[in-house]
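Just so you know, the sequence shown maps onto residues 1 to 381 in the UniProt record's numbering.
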Amino acid sequence: MDLTLSDEHRQLRELARRFTDERIVPHAARWDREEAIDRDLVPALGEVGFLGLGIDEKHGGSGGDNLAYCLVLEEVARGDSAVRGIISVSLGLVAKSIAKHGTEEQKQRWLPGLTAGTEIGCFALTEPGTGSDAGSLTTKATRTDNGWVLNGRKVFITNGTWADVALVFARTGGPGPKGISAFLIPTDTHGFTATEIKGKLGMRGQATAEITLDDVEVPHDALLSEEGFKLAMGALDKGRMSVAAGCVGAARGALEAALGYAKEREQFGKPIAGFQLVQELLADMAVETDAARLLTWRVADLADRNLPFSTEASMAKLYASEAAVKVANNAVQVFGGYGYIDEYPVGKYLRDARVTTLYEGTSQIQKLLIGRALTGINAFV
Ligand SMILES: Cc1cc2nc3c(=O)[nH]c(=O)nc-3n(C[C@H](O)[C@H](O)[C@H](O)COP(=O)(O)OP(=O)(O)OC[C@H]3O[C@@H](n4cnc5c(N)ncnc54)[C@H](O)[C@@H]3O)c2cc1C
1 MDLTLSDEHR
11 QLRELARRFT
21 DERIVPHAAR
31 WDREEAIDRD
41 LVPALGEVGF
51 LGLGIDEKHG
61 GSGGDNLAYC
71 LVLEEVARGD
81 SAVRGIISVS
91 LGLVAKSIAK
101 HGTEEQKQRW
111 LPGLTAGTEI
121 GCFALTEPGT
131 GSDAGSLTTK
141 ATRTDNGWVL
151 NGRKVFITNG
161 TWADVALVFA
171 RTGGPGPKGI
181 SAFLIPTDTH
191 GFTATEIKGK
201 LGMRGQATAE
211 ITLDDVEVPH
221 DALLSEEGFK
231 LAMGALDKGR
241 MSVAAGCVGA
251 ARGALEAALG
261 YAKEREQFGK
271 PIAGFQLVQE
281 LLADMAVETD
291 AARLLTWRVA
301 DLADRNLPFS
311 TEASMAKLYA
321 SEAAVKVANN
331 AVQVFGGYGY
341 IDEYPVGKYL
351 RDARVTTLYE
361 GTSQIQKLLI
371 GRALTGINAF
381 V
């Protein structure tokens, strides 16, 4: 599927294709087995500008609009969704939040390293007791003469053990979303501990961590925003677009693998691609993938024209994540028994896709957000 893209967009997509084919595809299965990507990939992503998309050049960014970001994420996720996730969090959730809400000093401290990939960011919202209901989080930040002291626990934090800076959401006021602030915590601060969570179903190349904040003392200028929940929800709106773009890439990768296999694999004396029921599997996969991409690009288009896009981002994320699971599952079906072993890529596409219906708001939460926008009635309470 293609729509009219500028020459710049085409060149960027071509660069992302080449980078993915050369630097990601050959290693993705090994990274999945070893539960870690080669860390030198992160500065390499920075060198080609993929970690600076949407960030001002004066802070080390590479510019570009939201569509450019989606094009790159689709290509990268075709190679390995775990790598896409590292970009979505370090750039999409952390660097972009600093660029939007930070003081000049905060931008100068963190953005050059994050965009170069010499430093990594993590986004610490979820806690053991508060996932979908993030507005009830209990990590506490107490003001002192010298700054703030943070105490609490975070869980499932992408990039957690690799990060140099954690964007931590903590309670500074009363109960509910309004009492939450956002802090930039250097991860080498005394009392900050990140412990890796091993044995994930998918996204195994990226580090996921539990974080403990035990009397973590930071100066006043660690505060990024007193409206922390609003900042988090704004970041997650764009985050949903980036997850959706990644899902399109994973679905496309699964479709391309299944198409190639179906043309080669013979049963009953002919390629299985010649059987109508196999073509049905492939046709459904192609329609789901293209529909997901169109919904995703609509979000990018709205954002690029500075129009509201929250509900459309929920729609795209809901549709694309469910589509990625279905498409990858169909790909396993096309591969037959060979789809079930990790010598072939399709099982990984399925395992990686599975988390996308869970994080950055589960599919049920997206439906409640869309329902609230349609009806004006809040079904969360
Ligand atoms: C690999 C991975 C990486 C992650 N990365 C990050 C990260 O970088 N930073 C971060 O902060 N978090 C991260 N998360 C956490 C993720 O965002 C949460 O897991 C997610 O928000 C769901 O929260 P929960 O797991 O506590 O599930 P719960 O909120 O307990 O939900 C359990 C079930 O109940 C349903 N449910 C809950 N409330 C409602 C409702 N009101 N109506 C209908 N159904 C409902 C949910 O849809 C779900 O099916 C990550 C998670 C994983 C698995």
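From the three backbone atoms N, C-alpha and C, an ideal C-beta is built for every residue, glycine too.
Are the CB atoms of residue j and residue i within a distance shorter than 9 Å?
i      : j      : result
Ala273 : Tyr344 : no
Arg204 : Glu360 : no
Ser132 : Thr289 : no
Thr356 : Ala324 : yes
Ile180 : Leu213 : no
Thr126 : Ile98  : no
Ala170 : Gly228 : yes
Ala373 : Ser314 : yes
Ala209 : Gly160 : yes
Arg30  : Arg252 : no
Leu67  : Ala328 : no
Tell me whether residue i sits in a helix, a strand or coil according to DSSP, three-state version.
i           : result
Asp215      : strand
Lys107      : helix
Trp148      : strand
Arg305      : coil
Leu223      : strand
Ile98       : helix
Pro112      : helix
Pro177      : helix
Val381      : coil
Lys270      : strand
residue 413 : The structure shown has nothing for residue 413, since the chain only spans 1 to 381.
Glu14       : helix
Phe183      : strand
Leu167      : strand
Leu236      : helix
Lys198      : coil
Arg78       : helix
Arg39       : coil
Ile24       : helix
Phe156      : strand
Gly129      : coil
Arg204      : coil
Arg265      : coil
residue 384 : Beyond the ends of the chain as shown, which are 1 and 381, falls residue 384; an answer cannot be given.
Gly121      : strand
Glu210      : strand
Phe192      : strand
Between the alpha carbons of residue i and residue j, how many angstroms are there, rounded?
i      : j      : result
Leu259 : Val278 : 10 Å
Asn151 : Ile197 : 20 Å
Thr130 : Lys140 : 14 Å
Asp7   : Arg17  : 15 Å
Gly174 : Ile87  : 33 Å
Ser90  : Ala286 : 31 Å
Tyr69  : Asp40  : 21 Å
Ala95  : Leu167 : 10 Å
Asn306 : Phe380 : 28 Å
Met233 : Gln267 : 51 Å
Asp21  : Ala244 : 21 Å
Ile120 : Val216 : 20 Å
Gly85  : Arg351 : 14 Å
Gly63  : Ile55  : 5 Å
Leu93  : Gln206 : 16 Å
Asp242 : Val83  : One detail in the question is off: residue 242 reads as Ser in this sequence, not Asp. About 12 Å.
Gln276 : Gly347 : 23 Å
Val155 : Lys100 : 25 Å
Gly147 : Cys247 : 41 Å
Thr103 : Tyr338 : 53 Å
Leu71  : His9   : 8 Å
Ser136 : Glu264 : 53 Å
Glu35  : His27  : 12 Å
Lys270 : Phe19  : 36 Å
Leu295 : Lys367 : 15 Å
Ile370 : Leu281 : 29 Å
Run the CB neighbour count on residue i, radius 10 Å, all protein chains shown included, and call it buried at 16 or more, exposed below.
i           : result
Glu47       : exposed
Thr142      : exposed
Ala283      : exposed
Ile365      : buried
residue 382 : Residue 382 falls outside the range modelled here, since the chain spans only 1 to 381, and no answer is possible.
Ile37       : buried
Glu312      : buried
Ile24       : buried
Ile377      : exposed
His190      : exposed
Hey, does residue i have any beta-carbon neighbour from chain B nearer than 9 Å?
i      : result
Glu105 : You won't find chain B in this structure, because it holds only one protein chain.
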